[in-house]
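Undergrad: Shown below is the structure under consideration.
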Amino acid sequence: MTASSDIAVAMRGITKRFPGVLALDDVTLEVHRGELHAICGENGAGKSTLMKILSGVYMPDEGQLEVAGHTVQFSGTRDAEQAGIAIIHQELALVEDLSVAANIMLGREPRTAIGLLDLAGCERLAADLLAGLESSIDPRGRTGSLRVGDQQLVEIAKALSLDASVIVMDEPTSALTEAESARLERTISRLREQGRTILYISHKMEEVFRLADRITVLRDGRHVCSVDRCDTTPTEVTGWMVGREIADHQFHEHRSPGPCLLEVERLCLPAAELGRADRLTEISFRVHAGEILGIAGLMGAGRTEVLETIFGVAGDDWTGQIRLEDRPVRFRHPREACQAGLALVTEDRKRLGLFANLDVAGNISLCSLAEATVGRLLSRRQEEQLVAGPISQTGVKTPSPHAAITGLSGGNQQKCIIGRWLLTQPRVLLLDDPTRGIDVGAKAELYALIDRLCREGLAVILTSSELPELLTLADRVIVLAEGRLTAEFSRAEATEQKIMAAATASRLAGVRT
Amino acid sequence: MPGTMISRTLRWLRQSEWSLLLAIFAAVVITAVIDSNHSYYGRPLESLRDIARNTALLGIFALGAAVVIIAGGIDLSSGSMIALSGTVCATTMLALAPTEMMSFKPVGPLVVTIACSASLLTGFLVGTLHTWLITVVRLPPFIATLATLVGLRSFARAVCESGTAAMTPTKSALINVADPLFKAVRDNVSIPVTVFLLLAAATWLLLSRTVLGRHLQALGGNEQAARLAGIRTDNVKWFAYCFGAMTAALAGLFYVANESVAAPVNQGRGHELNAIAAAVVGGCSLSGGVGTVPGTVLGAVFLRVVIDAVSKIIKTGADVYEGLIVGIVVVLAVTFAQAGGGPRHDRRLLPGALGLCTIPILALLAGSLTAMTSGGWAGVGTGMTAGLLLICLRIWEHRSRRAE
């Protein structure tokens, strides 16, 4: 038993609910002073939510926080900063149009004797901090023009400027190159020499085992275990991360895939900005009619980019070949893909799929409005008849076709969007993480629906951030890591551990083929 | 429960256009009572004709502004488009029939038709230019149409001056239009009103009953999702901005008829904001995707009725107050549309230091307005009363918050 004065941060019984989702369920975590404590878990395990509670971004619904032995309550990031906790967010939170120095000192700008902004002092402080991070970033430069790795360093400098005793790093290496990661590791060891406590979120096992003193594993919003690094192995931790019961149903049995419908060969997609790694490198796969191909990969691995490139969203600068029923195709606009018989259910429902200003019928009929017209005018009755099909086919629960779409649950909204695409009678259905943010019951219904569509002869490509989902539905699984294809498994070969290992393979290990 | 009755009535009023109709009715009744000349009793037809003409002129391009706003954009240039359209029309007539134009004689229906077509074509070209600036050059709509707002008026003046310099003995900043066809439009108010109503009906049909209309709403509601759903969003935008510019061009023709002159220096100056105000008062949301034609029509009527009411009540120099009235109407209408529209019943109007500073501002505004229209002592009284009321509101808000 460690003395309580040795505990830098304690979170006890933390529960956090979001609409429809229990993000954290009674999580308890103790972090000792001066240690590097890694927090591991799959996407959606609750790591980021827990850290956002620690740094005052969210308030917990239940449970309490203790910092250095005192119970605290944060009602904003400012409170957390005053208690000595700084967070480096996964999504960078910098003001791109301000200078580096201005970002580092934002909200705590030094003033001169007469109350003016002390620009020189600001820049001097920023330069000192950056020098301490062995970086040569110009503090006067515009933050938006920096590379992502350098922006991350600016975030770190900002956290250091707070002189925080506890620093939270939320997947700091997800956007960094090897060299930048090495530099970050040197920074981390320097911070540890100064006696700072670090909470480090990652699902890259090598990194975790190289850096951490202790490891906590979260899964599905619950605390699985906290162990000393020397008492465990990467395989064991990966097992804890994914080791939930596999969903009851196995859908992929007794499917009989037909001819090859879509074939992708050596697909490359260059980076959107100069100086970044390619988004996709030499990806090849094929999908047959009546088959579900799963694409696994961590956030940022390139799953969405693959689907968007096929669907003509990602622009025209990709190379390689895409063949639909043996004919090479190159879609420059989603409209062309749609007409050729493709359909894309996008990843972020609210931002990329839903029209909050249209009703349920309007959302479903949008891609097939020509069929709802009499003469050249839309007919309300014709539209109701048109959408009645997909509403019953996908099992949307709505009081009326003219109800507001925003009043429906996430699962029903997603069914509406799938229904929208079914009306276009596609042959290839691209589903980008279709069950994200949907509760368990609705997920099971969506699985059954996707399985039924596949058996009706659709070729389905399914990406998911949840491995059990892919294992439940897919006939084959390909794994992406950092824009490369690192493995392909048939359903019989695939296990969560194997997929996780391929998805976390670093770039050097990934160049196997 | 009277409380739920009130909130249900409020919700019903907000959701429908009835609240606007009610407000229009109230404004007319109040003016009829207050106006010391009793012009609404004495000369009802004349008053109606004034309001109808002004409403039609505003409404025609307010419909265009509404379509652009529903499509998720904004068109700030319609006032300048009005000036350019009038100038193009007059210059074309001058070029085709110089002697008739200079001696104020009829130029013939053919020339008028060509000139009007040239104006509408100019509208199409300007709309296309906007779309190019927005979709290809990737300027924000606000910036693109801000540039044409200042640019087109200047261009219209240049066209007018060089046109008159080349074709008449003297360079001029305006071109008189005396053709009987234009005079007929000026004297017969039913023509602009009919055009306005037909255009409104067509726009209503477009927005509520056509595929393009649905695509406009989808574009305004969620542009990225619309593109991903296979809608050619650039083409839909092209339509929206051309519709906006061409309705302004059409309005420009009526401006010329109404004033018998094409005067690019002042014609339609600032009127783009009235059009946007009419659309917003009528329920269009500047974030796009939301808005109706009946709302926009009623918004235009309401705006004109209120402006007319003020001119009846104040009598001389009422045009000075027009902008102020439009501003107040927009603030009140949008505040009303937002009020209680959600679970936030704890909204306070005068919180913290900002609220404290707002009290003297509002009191000063009310006081100085009254002072200028009804004399100094009345102004002091009104200002102090308004200040006291606001202080009471502030104290009440503060107390009720503490009680929680």
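Here the protein sequences line up with chains A and B, keeping their order.
Sequential numbering from 1 applies to the first sequence in this note's numbering.
Sequential numbering from 1 applies to the second sequence in this note's numbering.
The C-beta atom is built at its ideal place from N, Cα and C for all residues, glycine as well.
1. Would you list, in chain order, the members of the region 206-221 of chain B that have their beta-carbon closer than 9 Å to a beta-carbon of chain A?
2. Does the distance from the CB of B:Gly352 to the CB of B:Arg394 come in under 8 Å?
3. A:Phe18 CB to nearest chain B CB: under 8 Å?
4. Using the rule of at least 16 other Cβ atoms within 10 Å of the residue's Cβ for burial, across every protein chain shown, is B:Ser311 buried or exposed?
5. Per the contact definition of three or more C-beta pairs closer than 8 Å, is the region 114-126 of chain B in contact with the region 84-97 of chain B?
6. Applying the 10 Å Cβ sphere with the 16-neighbour rule, what's the burial state of B:Leu324?
7. Determine the direct distance from the alpha carbon of A:Ser409 to that of B:Asn266, and round the result to whole angstroms.
8. Relative to the C-alpha of A:Pro426, which residue among A:Ala502, A:Ala444, A:Phe311 is closest?
9. Does DSSP put A:His254 in a helix, in a strand, or in coil?
10. Does the beta carbon of B:Leu228 come closer than 8 Å to any beta carbon on chain A?
11. Give every residue of the same chain whose Cβ lies closer than 6 Å to the Cβ of A:Cys367, excluding the five residues on either side of it in the sequence, and list them in chain order.
12. Across which residues does DSSP place B:Thr145 in a beta bridge pair?
13. Compare the C-beta of A:Arg214 with all C-beta atoms of chain B and state if any pair is closer than 8 Å.
14. Taking the runs of the beta strand (DSSP E) that are 3 residues or longer, which of them lie wholly in the region 337-392 of chain A?
15. Out of B:Thr296, B:Gly289, B:His271, state which residue places its alpha-carbon closest to the alpha-carbon of B:Val427.
16. How big is the Cα-Cα spacing for A:Arg214 and A:Leu36?
17. Looking only at C-alpha atoms, which of A:Met241, A:Leu50, A:Arg33 sits nearest to A:His203?
18. For A:Pro521, which residues in the same chain have their Cβ closer than 7 Å to its Cβ, ignoring the five residues on either side in sequence?
19. May I ask which residues mark the beginning and end of the beta strand (DSSP E) holding B:Ile307?
20. Looking at chain B, which residues of the region 47-77 of chain A have a Cβ within less than 9 Å of any of its Cβ atoms?
21. Within the 8 Å Cβ cut-off, does B:Gln267 reach chain A?
22. Does the beta-carbon of B:Ile70 have 16 or more other beta-carbons within 10 angstroms, so that it is buried, or is it exposed?
23. To the nearest angstrom, how far is it from the Cα of A:His32 to the Cα of B:Arg401?
24. Quick check on B:Tyr241: does DSSP put it in helix, strand or coil?
25. Find the nearest neighbour of A:Glu207 within the set A:Cys225, A:Glu193, A:Asp220, A:Thr233, judged by alpha-carbon distance.
26. If you drop the 5 nearest sequence neighbours on each side, which residues of the same chain put their C-beta closer than 6 Å to that of A:Ala356?
27. Would DSSP call A:Glu171 helix, strand or coil?
28. Given that a residue counts as buried once 16 or more other Cβ atoms are within 10 Å of its Cβ, and exposed if not, what is B:Met384?
29. Using a Cβ-Cβ distance cut-off of 8 Å, determine whether B:Arg401 contacts chain A.
30. Alpha carbon to alpha carbon, how far is A:Leu211 from A:His70?
31. Please confirm whether A:Thr373 has its beta-carbon closer than 8 Å to some beta-carbon of chain B.
32. At least one CB of chain B closer than 8 Å to the CB of A:His402: is that the case?
33. Could you check whether the Cβ of A:Pro328 sits closer than 8 Å to any Cβ belonging to chain B?
34. Using 8 Å as the threshold, is the C-beta distance between A:Arg303 and A:Ile295 below it?
35. Following the continuous alpha helix (DSSP H) through B:Gly130, name the residue where it begins and the one where it ends.
36. So what's B:His414 in DSSP terms, helix, strand or just coil?
TA: According to the structure shown:
1. So the close ones are Ser208, Arg209, Thr210, Val211, Gly213, Arg214, His215, Gln217, Ala218, Gly220, Gly221.
2. Residue numbering aside, residue 352 of chain B sits at position 352 when the second sequence is read from its first letter. Residue numbering aside, residue 394 of chain B sits at position 394 when the second sequence is read from its first letter. A distance of 8 Å or more separates the beta carbons of B:Gly352 and B:Arg394.
3. Here the question's residue 18 of chain A lines up with position 18 in the first sequence. Not closer than 8 Å to any Cβ of chain B, the Cβ of A:Phe18 fails to qualify, so no.
4. Position 311 of the second sequence, counted from the first residue, corresponds to residue 311 of chain B. Buried: at least 16 other Cβ atoms inside 10 Å.
5. Short answer: they touch.
6. Reading the second sequence from its first residue, position 324 is the one you call residue 324 of chain B. Counting Cβ neighbours within 10 Å, B:Leu324 comes out exposed, since fewer than 16 surround it.
7. As a first step, residue 266 of chain B is located in the second sequence; it is residue number 266 there, counting from the start. As a first step, residue 409 of chain A is located in the first sequence; it is residue number 409 there, counting from the start. Taking the straight line joining both Cα atoms gives about 54 Å.
8. Numbered from its first residue, the first sequence carries residue 426 of chain A at position 426. The shortest Cα separation from A:Pro426 among A:Ala502, A:Ala444, A:Phe311 belongs to A:Phe311.
9. Counting from 1 along the first sequence, the entry for residue 254 of chain A is found at position 254. If DSSP states are grouped into helix, strand and coil, A:His254 belongs with coil.
10. Translated into positions along the second sequence, residue 228 of chain B becomes position 228. Yes, contact with chain A.
11. Start at 1 with the first residue of the first sequence, and residue 367 of chain A comes out as number 367. Hits under 6 Å: Arg420, Thr424.
12. The count along the second sequence starts at 1 and reaches residue 145 of chain B at position 145. Per DSSP, none; premise fails for B:Thr145.
13. Here residue 214 of chain A is taken as the residue at index 214 of the first sequence, counted from 1. Residue contact check for A:Arg214 against chain B: no CB pair falls below 8 Å.
14. Listed in chain order, they are 342-345.
15. The structure shown has nothing for residue 427 of chain B, since chain B only spans 1 to 404.
16. If you number the first sequence from 1, residue 214 of chain A lands on position 214. If you number the first sequence from 1, residue 36 of chain A lands on position 36. Each residue's alpha carbon lies about 7 Å from the other.
17. Numbered from its first residue, the first sequence carries residue 203 of chain A at position 203. Answer by Cα proximity: A:Met241.
18. Here chain A has residues from 1 to 513 only, and residue 521 of chain A is not among them.
19. In the second sequence, the residue the question calls residue 307 of chain B occupies position 307. Element bounds for B:Ile307: not the beta strand (DSSP E) but the alpha helix (DSSP H), 293-314.
20. Against chain B - using a Cβ distance shorter than 9 Å - the region 47-77 of chain A contributes no residues.
21. What you label residue 267 of chain B is simply residue 267 of the second sequence in a count that begins at 1. No - not a single Cβ of chain A is within 8 Å of the one on B:Gln267.
22. The sequence position of residue 70 of chain B within the second sequence is 70, counting from 1. Per the 10 Å Cβ criterion, buried.
23. In the first sequence, counting from the first residue as 1, residue 32 of chain A sits at position 32. In the second sequence, counting from the first residue as 1, residue 401 of chain B sits at position 401. Rounded to whole angstroms, the gap between the alpha carbons of A:His32 and B:Arg401 is 42 Å.
24. Counting from one through the second sequence, the residue named residue 241 of chain B turns up at place 241. Note: B:Tyr241 maps to helix in three-state DSSP.
25. Indexing the first sequence from 1 puts residue 207 of chain A at position 207. Cα-wise, what sits closest to A:Glu207 is A:Thr233.
26. Your numbering for residue 356 of chain A matches position 356 in the first sequence. Counting only Cβ-Cβ distances below 6 Å, and skipping sequence neighbours, we find Thr406.
27. Numbered from 1 along the first sequence, position 171 holds the residue referred to as residue 171 of chain A. Note: A:Glu171 maps to coil in three-state DSSP.
28. Counted from its first residue, the second sequence places residue 384 of chain B at position 384. With fewer than 16 neighbouring CB atoms inside 10 Å of its own CB, B:Met384 falls in the exposed class.
29. Residue mapping note: residue 401 of chain B aligns to position 401 of the second sequence, counting from 1. No, because no Cβ of chain A sits closer than 8 Å to the Cβ of B:Arg401.
30. Taking the first sequence and counting its residues from 1, the one referred to as residue 211 of chain A is at position 211. Taking the first sequence and counting its residues from 1, the one referred to as residue 70 of chain A is at position 70. Rounded to the nearest whole angstrom, the C-alpha separation of A:Leu211 and A:His70 is 28 Å.
31. Numbered from 1 along the first sequence, position 373 holds the residue referred to as residue 373 of chain A. Taking Cβ atoms only, chain B reaches closer than 8 Å to A:Thr373, which makes this a yes.
32. Here residue 402 of chain A corresponds to residue number 402 of the first sequence, with the count starting at 1. No - not a single Cβ of chain B is within 8 Å of the one on A:His402.
33. As a first step, residue 328 of chain A is located in the first sequence; it is residue number 328 there, counting from the start. Taking 8 Å as the CB threshold, A:Pro328 stays off the interface with chain B.
34. Stepping through the first sequence from its first residue, residue 303 of chain A is reached at position 303. Stepping through the first sequence from its first residue, residue 295 of chain A is reached at position 295. Yes, the Cβ-Cβ distance between A:Arg303 and A:Ile295 is below 8 Å.
35. Stepping through the second sequence from its first residue, residue 130 of chain B is reached at position 130. The sequence given here has His at residue 130 of chain B, not Gly. Run containing B:His130: 109-131, per the alpha helix (DSSP H) assignment.
36. The structure shown does not extend to residue 414 of chain B, since chain B spans only 1 to 404, so no value can be given for it.
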